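Trainee: Chains as they are written, first to last, in this note's numbering: chain A, 12 to 158; chain B, 718 to 1256.
Don't be surprised by glycine CBs; every beta carbon is placed ideally from N, CA and C.
As the structure is a prediction and not an experimental result, all values here were calculated from the model.
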Amino acid sequence: MWTATFLLVAFVLAIVVSATVSAVHPPSHIETIDPAVVRTESEFSRPGVIEDEHGITVVVLAELYRFAPETIRVPAGRPIRFRVTSPDVLHGFQIVGTNANVVVAPGYVSEVVTTFPEPGEYLIVCNEYCGLSHHLMQAKLVVESTP
Amino acid sequence: MIEGRRLVMANFWVAVVAFGLAAIMAVMQALARADAELAIRSTKIYYVSVTAHGVLMALVFTTFFIMALGYFSLGAALKRVDTTTWGWISFLVSLVGTILATLAILSGSSTVLYTFYPPLKAHPLFYVGATLLVVGSWIWCWVMIRTYLVWRSKNRDEAVPLAVHGMVVTVVIWILATAGLAVEVVGMLLPWSFGLVDKVDPIVARTFFWWFGHPLTYFWLVPAYVVWYTIIPEAIGGRLFSDRLTRVVFILFVLFSTPVGFHHQFSDPGITSGWKLLHTVTTYAILFPSFVTAFSVIASFEVAGRLKGATGLFDWIAVLPWKDPFFASVALAMVTFAIGGFGGAINAAYAMNTMVKNTSWIQGHFHLTVGTAVALTFMGFSYWMLPRLTGYPVRLRALALAQPYTWFVGMMLFSITSHITGIMGMPRRVYSAAFGGSEVAASWASLTVVSAIGGVVLFVSSALWLVVLIVSVLGEKRPERPAIEFARPLVPVSGSAGLWDRFGLWTAVAAVLILIAYAYPIAHLLALPRFASSAFQPF
Chain A
12 MWTATFLLVA FVLAIVVSAT VSAVHPPSHI ETIDPAVVRT ESEFSRPGVI
62 EDEHGITVVV LAELYRFAPE TIRVPAGRPI RFRVTSPDVL HGFQIVGTNA
112 NVVVAPGYVS EVVTTFPEPG EYLIVCNEYC GLSHHLMQAK LVVESTP
Chain B
718 MIEGRRLVMA NFWVAVVAFG LAAIMAVMQA LARADAELAI RSTKIYYVSV
768 TAHGVLMALV FTTFFIMALG YFSLGAALKR VDTTTWGWIS FLVSLVGTIL
818 ATLAILSGSS TVLYTFYPPL KAHPLFYVGA TLLVVGSWIW CWVMIRTYLV
868 WRSKNRDEAV PLAVHGMVVT VVIWILATAG LAVEVVGMLL PWSFGLVDKV
918 DPIVARTFFW WFGHPLTYFW LVPAYVVWYT IIPEAIGGRL FSDRLTRVVF
968 ILFVLFSTPV GFHHQFSDPG ITSGWKLLHT VTTYAILFPS FVTAFSVIAS
1018 FEVAGRLKGA TGLFDWIAVL PWKDPFFASV ALAMVTFAIG GFGGAINAAY
1068 AMNTMVKNTS WIQGHFHLTV GTAVALTFMG FSYWMLPRLT GYPVRLRALA
1118 LAQPYTWFVG MMLFSITSHI TGIMGMPRRV YSAAFGGSEV AASWASLTVV
1168 SAIGGVVLFV SSALWLVVLI VSVLGEKRPE RPAIEFARPL VPVSGSAGLW
1218 DRFGLWTAVA AVLILIAYAY PIAHLLALPR FASSAFQPF
């Protein structure tokens, strides 16, 4: 019993300390949007990479059965903010081999911020079952070296 | 002969049939993911079968088996089941529900997987069937509670037998869990599927689903623990390590099984990180009773080994009855559960979850926990229960003994490779893992083949279980049946009903914890400007 207690306290402390001190959090963005209009009247009608005074933002539309844009180009070594929503069902947005992995729900905007230290190509997949061609829903992320 | 024997067997056989159907679907899925050429292979069949496998294994097999175990535990320990009439009504309602939902799935109109997340919309019969299955189980809960209360009124000061304690806890967990499910299905999905409401909010629905979805796993696990604590020690000639400790473990499950659902929603938008962190802490709290169980059940094995004459540090392991299919099932289930438990600690880890969320790691994880710790325990228990209840001795002993070992080997091949491909990024629930010839997807390929081999071995093991059961009941009945004896604790119980038997009190505390964990976040979600979503049927 004491061993069990000790192990648990150690586990929980490790998580709570990293969450409060280093601000390591899972993606928990709170913002709602009308899924009926995302294709026509929102930033998601023009998905793509935007660079402005806030940094680099990638706007992604996840829909049956594709991601828009299909190829995303971002620079290495800089924080990238992905904003993703869906006009139809639940999807997943997972950049394979990285910690960018978020649930995409119609009516909500999901955000995940991450930095890719090295240039390279990554596969983006939908990891939440969305229908008959779920396994075909994919995109490509190209991380380019910065001069 | 025990009370309610027929009810035990009726529920048991429905569980067996559901298991057999689901096993056939499973092997096909494992082969599909490895891109094996099959005669019948299409995306439509694949996703239908994923839905059917999930519903039949995770909801139908488990629920019916647990209802059987409930009648068995109360019938054997209290010598009564009040009332068997309601028991039969429960059985029929659950059975009709199961048949409706299964037909809806097999017709191809309800391919929504067993999580049925809206806005994927199933045929209304799917929701009606699922509702009836749950309503049937509620009637079972009522029979359990009533039987316990009648016994309690006649035995005011006695401690409730431990197996009954565990089953009452199972009932309480189920009622608290299905309250969330009822809100989702009755309040949102049923009116929506019948066209009375146009839209549903997927995140609100998911929140109520996971209010149900995690305690559901303890609804599976606690009955397996009842077998581990109260039956296996006696069956192998050992003693229960501690009666009091077991009661504490069961009650901790009542308290902490429900307020943990957000660890399934770590990556969901619309829920703040603070509440996710709170649920992380309660999730780790629920690891505690499982850690204690690992310690104390193994201690009861050690006692059995020492009573057989072992004296050294580890030689008690060798003298345990490894050739008894019941013991082998439980022992291998426990080994598997230890691995699955550590994986679970990673899933529940606030930030680490993002590495494994919705990858094949998750399918590997729950095939170790519910798919082995629970299912293998239940299969092993059936070898022990069948002769005692019906008089049919287990025949084909060699096959019965091979069954748990093949299950273990198959599950290791399947689950360990699923964990590895998950970390490498392979998503779960995909018909094909090829991703259009992607380079990274090619790196998973050899592992999915190993995983498929594991699936085939598991299928062989499932077939062995079914063959042993069927051949056994086709044989001759024996008039003298082995006795049903529950494990005696190392230190005898004092005999009085203590604090840990006060189910009403603990249920009330659990309800308060649920309120703390859910009231504010749900109110917050409902207060957001919400747009909800129309229905989709992309299948």
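Is there at least one Cβ from chain B nearer than 9 Å to Val-85(A)'s Cβ?
Mentor: No, because no Cβ of chain B sits closer than 9 Å to the Cβ of Val-85(A).
Trainee: When you compare the CB of Pro-130(A) with every CB in chain B, is at least one pair closer than 9 Å?
Mentor: Answer no: the Cβ-Cβ gap between Pro-130(A) and chain B never drops below 9 Å.
Trainee: What does Gly-987(B) reach in chain A if we use C-beta pairs closer than 7 Å?
Mentor: Going along chain A in sequence order, the residues near Gly-987(B) (Cβ under 7 Å) are Ile-41, Tyr-119.
Trainee: Pop quiz: Ser-807(B) and Trp-857(B) are said to be a contact at Cβ under 8 Å. What is the actual Cβ separation, rounded to whole angstroms?
Mentor: Their Cβ separation, rounded to whole angstroms, is 4 Å, which keeps Ser-807(B) and Trp-857(B) in contact under 8 Å.
Trainee: May I have the straight-line CA-CA distance separating Ala-1065(B) from Ser-1155(B), to the nearest angstrom?
Mentor: Those two C-alpha atoms are separated by around 30 Å.
Trainee: Distance check for Phe-781(B) and Ala-818(B), CA to CA, integer angstroms please.
Mentor: The straight-line gap from Cα to Cα measures roughly 15 Å.
Trainee: Got a sec: is the Cβ-Cβ distance from Gly-1215(B) to anything in chain A below 9 Å?
Mentor: By this cut-off, Gly-1215(B) is not an interface position.
Trainee: Going along chain A, which residues have a C-beta under 7 Å from Ser-1250(B)?
Mentor: Those within 7 Å of Ser-1250(B) in chain A are Pro-46, Pro-117, Gly-118.
Trainee: Could you say if the segment 880-898 of chain B and the segment 775-794 of chain B meet the contact criterion of at least three C-beta pairs nearer than 8 Å?
Mentor: Enough Cβ pairs lie closer than 8 Å, so yes.
Trainee: So what's His-36(A) in DSSP terms, helix, strand or just coil?
Mentor: His-36(A): coil per DSSP, three-state reduction.
Trainee: Helix, strand or coil for Val-120(A) per DSSP?
Mentor: Coil at Val-120(A), not helix or strand.
Trainee: Measuring straight from C-alpha to C-alpha, what distance separates Gly-1057(B) and Leu-1085(B)?
Mentor: The straight-line gap from Cα to Cα measures roughly 5 Å.
Trainee: Tell me which residues of the segment 1139-1172 of chain B have at least one Cβ-Cβ distance to chain A shorter than 9 Å, keeping chain order.
Mentor: Those would be Met-1141, Gly-1142, Met-1143, Pro-1144, Arg-1145, Arg-1146, Val-1147, Tyr-1148, Ser-1149, Ala-1150, Ala-1151, Phe-1152, Gly-1153, Ser-1155, Glu-1156, Val-1157, Ala-1158, in chain order.
Trainee: For chain A, is any of its Cβ atoms less than 9 Å away from the one on Lys-993(B)?
Mentor: Judged by the 9 Å Cβ criterion, Lys-993(B) is in contact with chain A.
Trainee: What separation, rounded to the nearest whole angstrom, lies between the Cα atoms of Ala-749(B) and Tyr-764(B)?
Mentor: Cα to Cα, Ala-749(B) sits roughly 11 Å from Tyr-764(B).
Trainee: Determine, for Val-70(A), whether the minimum Cβ-Cβ distance to residues of chain B falls below 9 Å.
Mentor: With 9 Å as the cut-off, Val-70(A) does not count as an interface residue toward chain B.
Trainee: Just tell me which of Ala-1240(B), Ala-1204(B), Pro-1209(B) has its CA closest to the CA of Tyr-946(B).
Mentor: Answer by Cα proximity: Ala-1204(B).
Trainee: Report, in whole angstroms, the separation of the C-beta atoms of Pro-58(A) and Val-71(A), which I expect to be a contact under 8 Å.
Mentor: Between Val-71(A) and Pro-58(A) the Cβ distance is about 6 Å, and since that is below 8 Å, they are a contact.
Trainee: Please decide whether Gly-108(A) counts as near chain B, where near means a Cβ-Cβ distance under 9 Å.
Mentor: Yes, contact with chain B.
Trainee: Which value, in whole angstroms, describes the spacing of the CA atoms of Arg-1112(B) and Ala-1180(B)?
Mentor: Distance between the alpha carbons of Arg-1112(B) and Ala-1180(B): 15 Å.
Trainee: Tell me the DSSP bridge mates of Glu-62(A)?
Mentor: For Glu-62(A), which the question treats as bridged, DSSP gives the partners Ile-67(A).
Trainee: What residues match up with Pro-1144(B) in a beta bridge as DSSP calls it?
Mentor: Partner(s): Thr-1076(B).
Trainee: For the segment 49-77 of chain A, enumerate the residues whose C-beta is nearer than 9 Å to any C-beta of chain B, in chain order.
Mentor: Flagged, chain order: Leu-75, Tyr-76.
Trainee: For Val-965(B), which of Leu-773(B), Arg-923(B), Phe-1008(B), Ala-1240(B) has the nearest alpha-carbon?
Mentor: Per the Cα distances, Phe-1008(B).
Trainee: Use the C-beta contact count for Phe-1059(B): other C-beta atoms within 10 angstroms, 16 or more gives buried, fewer gives exposed.
Mentor: Exposed, by the Cβ-count rule.
Trainee: Alpha helix (DSSP H) containing Gln-746(B): first to last residue?
Mentor: Where Gln-746(B) is concerned, the enclosing alpha helix (DSSP H) stretches over 722-750.
Trainee: Please list, in chain order, all residues of the same chain as Thr-895(B) whose beta carbon is under 8 Å from its beta carbon, the five residues on each side excluded.
Mentor: These residues qualify, in order along the chain: Val-851, Ser-854, Trp-855, Phe-929.
Trainee: Please classify Asp-707(B): is it buried, with 16 or more other beta-carbons within 10 angstroms of its beta-carbon, or exposed?
Mentor: Examination of residue 707(B) is not possible in this model, given that chain B is present from 718 through 1256 alone.
Trainee: Bridge partners for Pro-1110(B) per DSSP, in chain order?
Mentor: Bridge partners of Pro-1110(B): none, in fact.
Trainee: Should the segment 735-751 of chain B be regarded as contacting the segment 771-779 of chain B, the criterion being three or more beta carbon pairs within less than 8 Å?
Mentor: Yes: the two stretches touch, three or more of their Cβ pairs being nearer than 8 Å.
Trainee: If the cut is a Cβ gap below 9 Å, which residues of chain B does Val-23(A) touch?
Mentor: Near Val-23(A) (Cβ distances below 9 Å), the residues of chain B are Thr-997, Val-998, Tyr-1001, Ala-1002.
Trainee: Suppose contacts are defined by Cβ-Cβ distances below 9 Å. Is Gly-1108(B) in contact with Arg-1198(B) by that definition?
Mentor: Result yes, Cβ atoms of Gly-1108(B) and Arg-1198(B) sit closer than 9 Å.
Trainee: Just curious, the alpha helix (DSSP H) that Thr-848(B) is in, first and last residue?
Mentor: Thr-848(B) -> alpha helix (DSSP H) spans 841-871.
Trainee: Which chain A residues are close to Met-1072(B), counting only those with a beta carbon under 8 Å from its beta carbon?
Mentor: Result: Asn-110, Asn-112.
Trainee: Taking the alpha carbon of Ala-25(A) as the point to measure from, which residue in Thr-997(B), Thr-800(B), Phe-1176(B) has its own alpha carbon closest?
Mentor: Cα-wise, what sits closest to Ala-25(A) is Thr-997(B).
Trainee: Between the segment 1229-1242 of chain B and the segment 975-989 of chain B, can you find at least three pairs of beta-carbon atoms closer than 8 Å?
Mentor: A contact exists between the segment 975-989 of chain B and the segment 1229-1242 of chain B.
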